[in-house]
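J.:
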Amino acid sequence: MNTQRSWVFKALGDIRMAKKPRPKPKKVVKIAGIYGVASGEIKRKNRFCPKCGVGVFMANHANRIACGRCGYSEMKKPTS
Ligand SMILES: [Zn+2]
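So in my numbering, spot 47 of the sequence shown is number 158, and the numbers just go up one at a time.
(1) Work out the CA separation of P189 and Y183 for me, nearest whole Å.
(2) Give me the Cα-Cα distance between P85 and A122, rounded to the nearest whole angstrom.
(3) Given the structure, does V165 come close to ligand 1, in the sense that its CB is under 6 Å from one of the ligand's heavy atoms?
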């Protein structure tokens, strides 16, 4: 039967469509914002998290620095 054939091909097509990998949005890490080059040396602007260890940067907020991974936060000293 022709109708059955077409149904099978349609199902195969659906499987192929489902298996087709979709492009994932890439998370762009702003390295220029994290690292700063001063007098030939690369210096990290953000601190590492004391709880998570080296590799986990603290997010720089206006009045505090916070870790997005464990939630640890430190209040900044008022600069006056
Ligand atoms: Zn942390």
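C-beta: ideal position from N, C-alpha, C; glycine also.
T.: Looking at the coordinates:
(1) Translated into the one-based positions of the sequence shown, residue 183 becomes position 72. Translated into the one-based positions of the sequence shown, residue 189 becomes position 78. Each residue's alpha carbon lies about 19 Å from the other.
(2) Beyond the ends of the chain as shown, which are 112 and 191, falls residue 85; an answer cannot be given.
(3) Taking the sequence shown and counting its residues from 1, the one referred to as residue 165 is at position 54. No - ligand 1 has no heavy atom lying nearer than 6 Å to the Cβ of V165.
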